[in-house]
Amino acid sequence: MTWHVQTFASVESTQDFLADLLQTEDILEGTVIQALEQKKGKGRQGNGWVSPMGNLYMSFLLRPSCDQKTASQLSFVIALAIARAISAVLQDETVDVQLKWPNDVMIDGQKCAGILLQSHTDKDNNLDAVIVGTGINILSAPDQGACTYLNAYDCAMEDRRPLAIHPFRDVVLDAVSHYYGIWRKDGFQPIRQAWLDKAYNKGGAVKARTKKATEEGTFIDINEDGALLLEQADGKVIAIHSADVYF
51 MTWHVQTFAS
61 VESTQDFLAD
71 LLQTEDILEG
81 TVIQALEQKK
91 GKGRQGNGWV
101 SPMGNLYMSF
111 LLRPSCDQKT
121 ASQLSFVIAL
131 AIARAISAVL
141 QDETVDVQLK
151 WPNDVMIDGQ
161 KCAGILLQSH
171 TDKDNNLDAV
181 IVGTGINILS
191 APDQGACTYL
201 NAYDCAMEDR
211 RPLAIHPFRD
221 VVLDAVSHYY
231 GIWRKDGFQP
241 IRQAWLDKAY
251 NKGGAVKART
261 KKATEEGTFI
271 DINEDGALLL
281 EQADGKVIAI
291 HSADVYF
């Protein structure tokens, strides 16, 4: 995978920037828009993403040969890549890097990174591209919620200097190339298993708030569509495809 990185001091949103670019130009797979800060960073379900200087904010373009439903598996691909990159720079087996459904990366139970997927279709409503946005806390984390940042941990550098944004970005992109290649070659099954091996609170109680109802149960698995499988008190297993989840 070849990456074409463009870095800006400040943008409204790397996700919107790349989406606008996609509408006006025939851009290559692997195009990356990075910003040192975002004025209106985007999270899931229309939430904002606090984006001060010092953290990694980027969106990149993928053009997978699949339908939109299959492309949703990319959130698991990217989550694995970020986890691999974090482990590579921290090099500390005592630090527990886990993945929270559907698309958060956790360190020792605190959120460190989030992922946003945005699909784009052609005039025939076939998948044309997927814009993947990610924000990874390096220098700081938001005050609200259980969040952490990478420079709160010792980084694997001889002089112990804080982790730099651009070198870490390249580690992340290398890891994306690795897992994206596996997914394209071997499908979702190896990605699913690798994700489950790092799943946050697997076997624990979960409350999932969907648009229609709030479901409760034990997190037992994810299925081939990436849906969260909950076993309820009566033994019934239900699939949660989209929800705010509370562990």
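Residues in the sequence shown are numbered consecutively from 51, following the working numbering. Note that beta-carbon positions come from the ideal geometry of N, C-alpha and C, so glycine has one too.
Here residue 216 carries a helix assignment [DSSP, helix/strand/coil]. For residue 70, the closest alpha carbon among the candidates 181, 196 and 232 is that of 181. A straight line joining the alpha-carbon of residue 150 with that of residue 250 spans about 5 Å.
Cβ atoms of residue 118 and residue 177 come within 8 Å of each other, at about 5 Å. When only Cα atoms are considered, residue 245 and residue 126 end up about 7 Å apart. Within the region 225-285, the complete alpha helix (DSSP H) segments of 4 residues or longer fall at 238-247, listed in chain order.
Residues of the same chain with a CB within less than 7 Å of the CB of residue 54, apart from the 5 flanking positions on each side, are 78, 80, 81 and 82 in chain order. Listed as beta-bridge partners of residue 197 by DSSP are 161. The C-alpha of residue 282 is placed about 35 Å away from the C-alpha of residue 135. Taking a contact as a CB-CB distance under 8 Å, the pair residue 201 and residue 192 does not count as one, their CB atoms being some 15 Å apart. When the beta-carbon positions are compared, residue 104 and residue 188 come within less than 8 Å of each other. With contacts defined by Cβ atoms closer than 8 Å, residue 123 and residue 107 do not form a contacting pair. If only complete runs of 4 or more residues are kept, the region 59-98 shows the alpha helix (DSSP H) at 64-74, in order along the chain.
If you check the CB distance, residue 72 and residue 214 do not come in under 8 Å.
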